[in-house]
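To keep things clear, I will list the structure first and then write my remarks on it.
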Amino acid sequence: MFCSVKCPGDLILKTYDLARGLRDDGTTVIGGFHSPMEKECLTILLRGTQPVIICPARSIEGMRLPGEWRKPLDDGRLRVLSPFTKKDRRVTAELARTRNRFVAALADRVFFIAHAEVGSKTEAFAREVLTWGKPVLTLAGADNAGSVSLGATVLPCHHG
């Protein structure tokens, strides 16, 4: 699950609905959960019982874990994975790009982008993942026309 830092209001609501649906369906979700929208989705997902995989854009050695991660970790439904070594202690743009590729490669069925702002790094990343032949899904909305024109498939959204 990925989203640009800026996300239009109508897509925020659809993304909340999707996160609740994934949680309620028991779908495993993997992501970096770094942008504001991704963090909101993580909060929703951690309230469920399904597996969640968090991939920080830094080493996890010596990393201080947020309190809200403790119960899901203790319950065995939260995993924290990182491809980085102990020397990569601070998040950088390059580490974030590497982490995003790691997450996309691990995703076994679909790659979901809630919103990729036109000209953003998220849009460039969606374009890259499409060249891998991995399905890229996005939400319906005029603000996601750019992702659709790249080849992303619109995910039907059900409001509850």
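To convert, count from 1 in the sequence shown and add 1; that's the numbering used here. Think of the CB as a built atom: it goes at the ideal place given N, C-alpha and C, for glycine as much as any other residue.
Of the listed residues the options, nearest to residue i (C-alpha basis)
i	options	result
residue 193	63, 61, 77 and 59	Lying outside 2 to 161, the shown extent of the chain, residue 193 is not represented and no answer is given.
residue 1	59, 127 and 34	Residue coverage of the chain in this structure runs from 2 to 161, which leaves residue 1 outside it and unanswerable.
residue 29	17, 7, 91 and 2	2
residue 155	64, 57, 116 and 98	116
residue 79	6, 130 and 24	24
residue 22	100, 49 and 7	49
residue 1	94, 93, 98 and 63	Outside the shown range of the chain (2 to 161) lies residue 1, about which nothing can therefore be said.
residue 92	13, 36 and 26	36
Neighbour-count burial assignment, residue i, 16 or more Cβ in a 10 Å radius
i	result
residue 124	buried
residue 15	buried
residue 119	exposed
residue 38	buried
residue 111	exposed
residue 73	buried
residue 89	buried
Residues near residue i by beta carbon distance below 7 Å, same chain, minus five either side
i	result
residue 11	142
Host beta strand (DSSP E) of residue i (start-end)
i	result
residue 53	53–55
residue 112	112–116
Beta-carbon proximity list for residue i, same chain, < 6 Å, skipping 5 on both sides
i	result
residue 113	2 and 138
For the stretch 141–150 against the stretch 39–46, do three or more pairs of beta-carbon atoms, one drawn from each stretch, fall closer than 8 Å, so that the two count as touching? Contact between the stretch 141–150 and the stretch 39–46 is not established, with fewer than three Cβ pairs separated by less than 8 Å.
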